[in-house]
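Residue numbers (this note's numbering), protein chains in the order written: chain F, 836 to 1186; chain E, 5 to 353.
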């Protein structure tokens, strides 16, 4: 009796970490075997990350140093935040190509509102807090716009967000007049450039957002609905879930998180450029998929996408530390992403 | 079934190993330069890097290159990785002058000397900035244009179109000022100036419009050969591209000295281009760096002369980040277009 209770509470605990498949197979007898199987399959990206860290550390003594590990976390933080939003969109069965441009526009808008003494800025010299609020609202608004036309009007998500990607990049160009806006107030610089103790602020923000959105996805109704809508929209509709509302909310979260990413990026660069964040949408999709989020929607564990981002950044940093010629780095990155997706596909087959 | 599964697991393990097997080797202790390129898809940037790389090898220094793919945040990350890796000096071409100040400040904090090439950062402390003398390039282009007009009319007069870069940039301002300071001396030469934002298609469109309005146009001067790369085909399309010496030839003079433009000069389509000493930027930077390592101070004013070098004489001035050296540009026309020292003639690897 007691034994059973223990294993049940253990299951519950594990479920908190997003082990959906365990609950389904939980009724079977050999639970321990299942747990191992699931950890290996569902969390294999962490094993890969561990392997990569081990191999890089054995190749160069400079890899496993506090400075370098903090660097990798810091380099991961902005992409990591954007990846949360992209993953939520992918989980709901859609796509968001506009995140990179939203990052660019958010930074540009923040700079335009706050920066003083440059002709391209607004000259309002807004305090960082209202400026950040405005930028976040604009991010949510972008998500609402995308979500409305995709969910309610039924436009194709790929093409809709492709159009907003181009449009928003153009908006960033208008806001900055094509110039770099720079020199933010110190309190704003703290977000992306400062540290809390030894840990960069941006890393703390990223981890906090991961925890919040992990909680929303796994312990809130809306989170479960996102999984169901992404897995099978017809079934979701039959269950009385408002698919439109769920998709719109997913896009709003994506827009919000991209805006946070834009704030962190501009703060870290202490400047905003028209082209900031371009290409980030593809990095975000790559990291999500490496982290095991299914492109078909409804399947994947958000926390694993941190590992996806860390894999990308560890390899990027590792290649520099190992003096790999720059001409080879791009090829290597493409190759690594290809292998990750190959592994993901094989994993699904094993399951 | 079981064997199939083992096979799949085998592939899983193999791919994990493959994911990291493409990584390189460790290096021994020598002076190491970290070189952060803004983009290795731009031929000018490849030339600058090549010059620095060859010089480092000559000195027996190790050299690590990164490629930021025109992304400022990527370049900042890469410089952080280079600093964590351990380098003795940082040499780089900033993707963005404002954003990369962050990296310079970080290197300053660690006491690593920093040299920027092609442009400086807005802040931070730089050991040196090496760039082409853009004012001189504009002036040389102006003088060349005057010479051509004099030859045509017997006196300096005519109508010239100036295709400007992006007006907000320092480079376009200097290349414009150098040219217009010369033109101001000749009241009979009229200059029409139009911004192109460095875009070849925009340069082509403006050329077409101006030629419609002013068919008598005598010459075109562009701030960068990347603009000219759009203008020459546009003239060809309009049937206005006559070779040098043919009646109706429009004088074409530019700045940069790209491979494409040197080709046009050989074909007698373009009159001249003011070549930047791109292969020497890295060389000059590393020579000053070596002097710094040997305890010599970097001069803050005056001329630097090296007989026989394309970049000489160069003049040094003091700016907010530190000393800045302006390397001379070289007018290139049919008489010297095959000079192997020109970066546009650099051998393709």
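For glycine and all other residues, C-beta sits at the position ideal for the given N, C-alpha and C.
The C-alpha of residue 1096/F lies about 6 angstroms from the C-alpha of residue 938/F.
For a cut-off of 8 angstroms, the C-beta gap from residue 330/E to residue 177/E is around 14 angstroms, too long to register as a contact.
Rounded to the nearest angstrom, the gap between the Cα atoms of residue 43/E and residue 1110/F is 14 angstroms. Here DSSP, grouped into helix, strand and coil, assigns residue 73/E to coil. For residue 1162/F, the neighbours in chain E by C-beta distance under 7 angstroms run, in chain order, 44. By the neighbour-count criterion, in which a residue is buried when 16 or more other Cβ atoms sit within 10 angstroms of its Cβ, residue 62/E is exposed.
Within chain E, the residues placing a beta-carbon under 7 angstroms from that of residue 1152/F are 85, ordered along the chain. Counting only runs of 4+ residues, the alpha helix (DSSP H) found wholly inside the segment 84-165 of chain E occupies 105-114 and 138-157, in chain order. Secondary-structure assignment with DSSP links residue 56/E through no beta bridge to anything. Going by DSSP, residue 1046/F is part of the alpha helix (DSSP H) stretching over 1036-1054.
One alpha carbon belongs to residue 52/E, the other to residue 909/F, and they sit about 30 angstroms apart. At a Cβ-Cβ threshold of 8 angstroms, residue 975/F and residue 1146/F do not count as neighbours.
By the Cβ rule, the segment 311-323 of chain E does not count as touching the segment 89-102 of chain E, because fewer than three pairs are nearer than 8 angstroms. Proximity of residue 944/F to chain E, defined by a Cβ-Cβ separation below 8 angstroms, is not satisfied. Residue 930/F is classed as buried because its beta carbon has at least 16 other beta carbons within 10 Å across all chains shown. Here residue 1107/F carries a strand assignment [DSSP, helix/strand/coil]. In summary, the residues of the segment 72-99 of chain E whose CB is separated from some CB of chain F by less than 8 angstroms are 73, 74, 75, 76, 77, 80, 81, 82, 84, 85, 86, 88, 89 and 90, in the order they occur in the chain. Within chain F, the C-beta atoms nearer than 8 angstroms to that of residue 126/E come from 1017, in chain order. The Cβ atoms of residue 261/E and residue 202/E lie no closer than 8 angstroms to each other. In this structure, the straight-line span from the alpha carbon of residue 1090/F to that of residue 186/E is close to 53 angstroms. For residue 233/E, the secondary structure class from DSSP, reduced to helix, strand or coil, is helix.
Residue state for residue 274/E is assigned as coil, using DSSP reduced to three classes. Under the three-state reduction of DSSP, residue 933/F is assigned to coil, being neither helix nor strand. In the three-state scheme derived from DSSP, where H, G and I count as helix and E and B as strand, residue 36/E is classed as strand. Residues of chain E whose Cβ lies closer than 9 angstroms to the Cβ of residue 900/F are, in chain order, 88. Within 10 angstroms of the beta-carbon of residue 865/F lie fewer than 16 other beta-carbons, which makes it exposed. Excluding five sequence positions before and after residue 66/E, the CB atoms of its chain that fall closer than 8 angstroms to its own CB belong to 31, 34, 35, 36, 37 and 60, given in chain order. Distances from the alpha-carbon of residue 1105/F to those of 1065/F, 1124/F and 1021/F put 1021/F closest.
When C-beta distances to chain F are compared with 9 angstroms, the residues of the segment 160-172 of chain E below that value are 170 and 172, in chain order.
For residue 881/F, the enclosing alpha helix (DSSP H) stretches over residues 879-894. In this structure residue 41/E touches residue 72/E by the C-beta definition: roughly 7 angstroms separates them, less than 8 angstroms.
Counting every other CB atom within 10 Å of its CB across the protein chains shown gives residue 893/F a total below 16, marking it as exposed. Around the CB of residue 1103/F, 16 or more other CB atoms lie within 10 Å, so the residue is classed as buried. About 4 angstroms separates the beta carbons of residue 1125/F and residue 1175/F, which is inside the 8 angstroms limit, making them a contact pair. When Cβ-Cβ separations below 8 angstroms define contact, residue 120/E makes no contact with chain F. Ranked by Cα distance from residue 1140/F, the options 1035/F, 1074/F, 1045/F and 1060/F are led by 1045/F.
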